[in-house]
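Engineer: Numbering-wise (the numbering used here), the sequence shown opens with residue 14 and increments by one.
Beta carbons: idealized from backbone N, C-alpha and C, even for Gly.
This structure is a prediction, so every number in the text was calculated from the model and none was measured.
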Amino acid sequence: MRITVFGANGPTGRHLTGQALAAGHQVVAVTRRPGSLTPRPGLTVAVADATDPVTVAPAIEGADAVLSALGTRFSTSAITTYSASATAITDAMAHHGVKRLLVVSSSIADPEWRPSGAYFFNHVLDPLVNRRLGRTLHEDMRRMEGVIRRTGLDWTFVRPSGLFQHPVVTAYRTAETSADGVFTARTDLAASMLREMDAGRYVRTAMGVITTEVKPSIAKLIWNEGVRKK
Ligand SMILES: NC(=O)c1ccc[n+]([C@@H]2O[C@H](COP(=O)([O-])OP(=O)(O)OC[C@H]3O[C@@H](n4cnc5c(N)ncnc54)[C@H](OP(=O)(O)O)[C@@H]3O)[C@@H](O)[C@H]2O)c1
């Protein structure tokens, strides 16, 4: 298949691109920083700002599916990256007759999501980090889901929990709406997207994805995601 990947240069997008190429797909990798992607057989780099309809459309033309793992950082100001890119991407897909869209969202987008047995996370980290520091980001993620829901596309919202780096794909779990767990390895997130692209088990609904075989330490996660990533 020919797949357009948004956020291809990000920590999840790199796994997505690598796994898709390894599976024999042709990948159009969308980035605003083309020099940072190494040329490989099967890979085409498209330079585009995902919020700009003019640059997005050519990256989508001729695709069999569009996968998005793009993202931005927490901010105290309003964030529009998710909803604006969803508008540009879905408009271009409708224009070019591309139907299948898988887009990374978050477990937080499910208002009922409270992973079981995670007292410290549910009562301290989640209210402080996700609902307070990440408030404007998650508001825009919900707007993104609203934009996509209103289209006639075959969409899937892919909702991971706290992302961490792990070298290999594990026996991850998926569930409709959201999954009962605090963590998701980026390798598993990427693998679940490619599997769902083929399987079509969660079309026009949300797929939660979690990793249960390995766990990062909370301190390591905060260091890697909150401090080192900046
Ligand atoms: N961190 C967590 O615990 C967590 C939990 C649940 C969900 N998520 C979500 O999971 C997704 C993936 O996270 P991640 O940490 O792997 O990636 P990320 O660092 O959030 O971002 C990935 C890429 O998005 C691209 N991007 C941002 N704005 C863009 C724009 N306007 N046009 C084109 N590309 C743009 C950037 O690529 P270029 O600079 O190359 O253009 C960047 O490398 C994000 O949406 C994140 O919010 C994260």
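Do you know whose CA, among V216, R214, L207 and V227, lies nearest G31's CA?
Structural biologist: Working through the sequence shown from its first residue, we reach residue 31 at position 18. Comparing Cα-Cα distances from G31 to each of V216, R214, L207 and V227, the minimum goes to L207.
Engineer: Look up S81 in the DSSP assignment and say whether it is helix, strand or coil.
Structural biologist: Position 68 of the sequence shown, counted from the start, is the residue given in the question as residue 81. Three-state result, S81: strand.
Engineer: Which two residues bound the contiguous alpha helix (DSSP H) that contains E209?
Structural biologist: As a first step, residue 209 must be located in the sequence shown, where it is residue number 196. R199 to A212 is the span of the alpha helix (DSSP H), which, as asked, contains E209.
Engineer: Can you determine whether any heavy atom of ligand 1 sits closer than 7 Å to the C-beta of L119, and answer yes or no?
Structural biologist: As a first step, residue 119 is located in the sequence shown; it is residue number 106 there, counting from the start. The amino acid occupying residue 119 in the given sequence is Ser; Leu does not appear at that position. Checking every heavy atom of ligand 1 against the Cβ of S119, one is found closer than 7 Å.
Engineer: Measuring only from the beta carbon, is D193 closer than 7 Å to any heavy atom that is part of ligand 1?
Structural biologist: By 1-based counting over the sequence shown, the position of residue 193 is 180. D193: no, Cβ never under 7 Å from ligand 1.
Engineer: Out of F177, T218, M220 and Y215, which one is the CA nearest neighbour of V227?
Structural biologist: Counting from 1 along the sequence shown, the entry for residue 227 is found at position 214. It is F177.
Engineer: Return yes when the Cβ of T149 is within less than 8 Å of the Cβ of H179, no when it is not.
Structural biologist: Position 166 of the sequence shown, counted from the start, is the residue given in the question as residue 179. Position 136 of the sequence shown, counted from the start, is the residue given in the question as residue 149. Result no, Cβ atoms of H179 and T149 do not sit closer than 8 Å.
Engineer: Could you give the C-beta distance for M154 and Y95, rounded to a whole number, given that I count them as a contact under 8 Å?
Structural biologist: Working through the sequence shown from its first residue, we reach residue 154 at position 141. Working through the sequence shown from its first residue, we reach residue 95 at position 82. About 5 Å; that satisfies the 8 Å criterion.
Engineer: What is the residue span of the alpha helix (DSSP H) that D62 lies within?
Structural biologist: The count along the sequence shown starts at 1 and reaches residue 62 at position 49. Per DSSP, D62 belongs to no alpha helix (DSSP H) and is neither H nor E.
Engineer: So what does DSSP say about P6, is it helix, strand or coil?
Structural biologist: The structure shown does not extend to residue 6, since the chain is modelled only from 14 to 243, so the question has no answer here.
Engineer: Going by beta carbon distance, what residues of the same chain come within less than 7 Å of P229, once the five residues before and after it are set aside?
Structural biologist: On the sequence shown, position 216 is the one that residue 229 refers to. The residues are F177 and F196.
Engineer: Which residue's Cα is closest to the Cα of A219: I235, A232 and M157?
Structural biologist: As a first step, residue 219 must be located in the sequence shown, where it is residue number 206. When only C-alpha atoms are compared, the closest one is M157.
Engineer: Use the C-beta contact count for P124: other C-beta atoms within 10 angstroms, 16 or more gives buried, fewer gives exposed.
Structural biologist: For the purposes of this step, residue 124 is identified with residue 111 of the sequence shown, where counting begins at 1. With fewer than 16 Cβ atoms within 10 Å of its Cβ, P124 is classed as exposed.
Engineer: Inspect the CB distances between the region 134-153 and the region 66-83 and report whether three or more fall short of 8 Å.
Structural biologist: These segments do not touch.
Engineer: Would you mind sorting Y132 into buried or exposed? The rule is 16 or more other CB atoms within 10 Å of its CB.
Structural biologist: What you label residue 132 is simply residue 119 of the sequence shown in a count that begins at 1. By the neighbour-count rule (16 or more Cβ atoms within 10 Å), Y132 is not buried but exposed.
Engineer: Sorry if obvious, but does the Cβ on T44 come closer than 7 Å to a heavy atom of ligand 1?
Structural biologist: By one-based count along the sequence shown, residue 44 stands at place 31. Answer for T44: yes, Cβ within range of ligand 1.
Engineer: Hey, quick one: how far does the beta strand (DSSP E) through A105 stretch, first residue to last?
Structural biologist: Within the sequence shown, residue 105 is the residue found at index 92, counting from 1. Premise fails: A105 lies in the alpha helix (DSSP H), T94 to H109, not in any beta strand (DSSP E).
Engineer: Report all residues from its chain with a CB closer than 8 Å to the CB of M210; omit the five preceding and five following residues, and keep chain order.
Structural biologist: Locating residue 210 in the sequence shown gives position 197, counting from the first residue. M14, I16, A78, L80, R113 and L115, listed in sequence order.
Engineer: Please confirm whether any heavy atom of ligand 1 lies closer than 7 Å to the CB of R127.
Structural biologist: Against the sequence shown, residue 127 aligns to sequence position 114. Because no heavy atom of ligand 1 lies under 7 Å away, the Cβ of R127 does not count as near it: no.
Engineer: Could you check how far apart the C-beta atoms of P52 and V60 are, in whole angstroms? I think they sit under 8 Å.
Structural biologist: The residue given as residue 52 occupies position 39 in the sequence shown. The residue given as residue 60 occupies position 47 in the sequence shown. Their Cβ separation, rounded to whole angstroms, is 14 Å, which puts P52 and V60 out of contact at 8 Å.
Engineer: Whole angstroms is fine: what's the gap from M106's alpha carbon to E74's?
Structural biologist: Here residue 106 refers to the residue found at position 93 when the sequence shown is read from its first residue. Here residue 74 refers to the residue found at position 61 when the sequence shown is read from its first residue. Near 8 Å, if we compare the C-alpha coordinates of E74 and M106.
Engineer: Is the beta carbon of S129 sitting closer than 8 Å to the one on D62?
Structural biologist: Locating residue 129 in the sequence shown gives position 116, counting from the first residue. Locating residue 62 in the sequence shown gives position 49, counting from the first residue. No. Outside cutoff.
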